[in-house]
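Okay, so the sequence shown: first residue is 1 according to our numbering, each after it adds one.
Note that the Cβ used here is the ideal one computed from N, Cα and C, for glycine as well.
For clarity, every value in this text was computed on a predicted model and none was experimentally measured.
Here's the structure we're looking at; comments come further down.
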Amino acid sequence: MNEEFKIAHPYPLKYNDRIKRLLLPYLLILVIFLGIGLVSKESEDLFTWLLLTTLIFAVFIIRDVRRNRFYLTDFVASEFEILLGYQEFNQSRSIKISVEDIHVKLVNTSSRSGFNCELKMHAENLRFVINDRFDWSLKEMKDLFIHYIALKQLEMNELDKLNLSKIEEKIKKSRTN
Numbered sequence: 001m002n003e004e005f006k007i008a009h010p011y012p013l014k015y016n017d018r019i020k021r022l023l024l025p026y027l028l029i030l031v032i033f034l035g036i037g038l039v040s041k042e043s044e045d046l047f048t049w050l051l052l053t054t055l056i057f058a059v060f061i062i063r064d065v066r067r068n069r070f071y072l073t074d075f076v077a078s079e080f081e082i083l084l085g086y087q088e089f090n091q092s093r094s095i096k097i098s099v100e101d102i103h104v105k106l107v108n109t110s111s112r113s114g115f116n117c118e119l120k121m122h123a124e125n126l127r128f129v130i131n132d133r134f135d136w137s138l139k140e141m142k143d144l145f146i147h148y149i150a151l152k153q154l155e156m157n158e159l160d161k162l163n164l165s166k167i168e169e170k171i172k173k174s175r176t177n
């Protein structure tokens, strides 16, 4: 395996745009709940209910914002070395690490609405969560994971094989990935 493997996103979303995309669904749900509360006759407890709902959503919002602090934009791997390009908030940075110092895990995040997954990558003191919400496609995620397994010369377990087959199915169903 002497060839170079490269995934690059030359124009990644800015941190503010990623945060807006993360917050929009929560804000829409809050507006819908507010509308329902205002229309209903029992709006006496509306403020308390909205405050509680906002606090619950705040936990998820804070989690999503923290997970997107470091955003992987580029992955270039040779046989012994990996170059990671990433954004810390809006600052572009890069780091070179050895293959032994990186760990990638494919995580199934499916729900009733359908299959979904993400890659969790740990490199030195950096943690990246890669999903298809922003710039990354499922095909790129799949290719990165397969290349990582080959670089580290690891055996793929049954769960990873199952998740990769589900990714393949989802890629075939949608033409955008």
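What is the DSSP secondary structure of SER165, counted as helix, strand or coil? helix
Span separating the alpha-carbon of LYS152 from that of ASN108: 21 Å
Report yes or no: do three or more beta-carbon pairs, one from the stretch 95 to 108 and one from the stretch 10 to 24, lie closer than 8 Å? no
List the residues that DSSP assigns as beta-bridge partners of GLY114. SER111
By Cβ distance below 6 Å, which residues in the same chain neighbour HIS147 in space, the five residues on each side in sequence not counted? PHE5
Counting C-beta neighbours from all protein chains within 10 Å, is the total for ILE167 16 or more, i.e. buried, or is it exposed? buried
LYS139 beta carbon near the ligand SAH (any heavy atom closer than 7 Å): Within the structure as shown, the ligand SAH is missing, as the structure has no ligands at all.
Local Cβ density within 10 Å of LYS142, reported as buried at 16 or more and exposed below that: buried
Span separating the alpha-carbon of SER186 from that of VAL31: Because the chain here runs from 1 to 177, residue 186 falls outside it and cannot be looked at.
What three-state label does DSSP hand ASP135 in the structure shown? coil
With contact counted as at least three CB pairs below 8 Å, one residue from each stretch, are the stretch 63 to 78 and the stretch 123 to 138 in contact? yes
Starting from the Cα of LYS170, find the closest Cα among GLN87, ASP160, GLY37, LEU138 and give me that residue. LEU138
I want to see whether chain C comes within less than 8 Å of ARG133, judged by CB atoms only; does it? Of the chains in the structure shown, none is chain C; there is only one protein chain.
Figure out for me which residue from LEU144, ASN116, HIS122, PHE145 has the closest Cα to the Cα of ASP132. ASN116
Do ASP74 and HIS9 have their CB atoms nearer than 8 Å? yes
For GLY114, count neighbouring C-beta atoms within 10 Å of its own C-beta (all shown protein chains included) and say buried if the count is 16 or more, exposed if not. exposed
Pull up the CB-CB distance for TRP49 and GLY37, whole angstroms please, since I reckon it's below 8 Å. 7 Å
Based on Cα-Cα distance, which residue from ARG18, SER40, VAL104 lies nearest to PHE134? ARG18
Where the beta strand (DSSP E) containing ASP74 begins and where it ends: 70 to 77
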